[in-house]
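Numbering (my numbering), first residue to last: 100 to 254. Yeah, the Cβ is synthetic: ideal placement off N, Cα and C, and Gly gets one too. Treat the numbers as computed from the prediction; the structure is a model and nothing was measured.
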Amino acid sequence: MLPTAMRRLLLIEDDDVCTLVAPTIMSPSRSSRRNCWRVKALLRRTGTPGADEALHAGDLIVDPASFSVTRGGKNVTLSTLEFRLLYFLVAHPNQVFSRDQLLDRVWGIDRHVIPRSVDVYIRHLRKKVLLPSGGGVALKTLRDAGYLLEVKKRV
């Protein structure tokens, strides 16, 4: 399912010319090429699992339909942004994402935050969801690379 903003968007691309028709979405002060990149980024992000699909990682269950997170059979309360970040990481296990990639994919392209905000939300997730460790899931920081939700496969 495309984001609501994308449903009202018409994108015509021909020979490296990108024409956008969406006055309520695109900023007229930006170049058409930059607007085109924004649209393509939104379209790429729609490749994540379905909006109602519960994801499992070890003993962690993230269910967007009920906006709930369960770890070891216990419910965990998260803010909206913490939930979106966790859902994104669980949807892409064992992949490294830089701060900027997480900001683009979780916060969105129209964000007004500093890259260090990601560190704060990662710390919140570790404290609320991923501690104590165990259960086959660990949120790791890879120096000079980014963050990784490591999911150990059960044998």
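Query                                                                                                                                               : Result
Which partner residues does residue 160 have in the DSSP bridge list?                                                                               : 155 and 169
Measure the C-alpha to C-alpha separation of residue 213 and residue 203 and round it to an integer number of angstroms.                            : 12 Å
Between 164, 239 and 194, which has its C-alpha nearest residue 182's C-alpha?                                                                      : 164
Could you work out which residue in 247, 218, 199 and 174 is closest to residue 158 when comparing CA atoms only?                                   : 174
Return the CA-CA distance between residue 187 and residue 219, expressed in angstroms with no decimal places.                                       : 16 Å
With a 10 Å radius around its C-beta and 16 neighbouring C-beta atoms as the bar for buried, classify residue 208 as buried or exposed.             : exposed
Based on Cα-Cα distance, which residue from 215, 185, 180 and 194 lies nearest to residue 206?                                                      : 180
Less than 6 Å between C-beta atoms, sequence neighbours within five positions excluded: which residues of the same chain meet that for residue 236? : 156, 157, 159 and 250
To the nearest angstrom, how far is it from the Cα of residue 241 to the Cα of residue 222?                                                         : 14 Å
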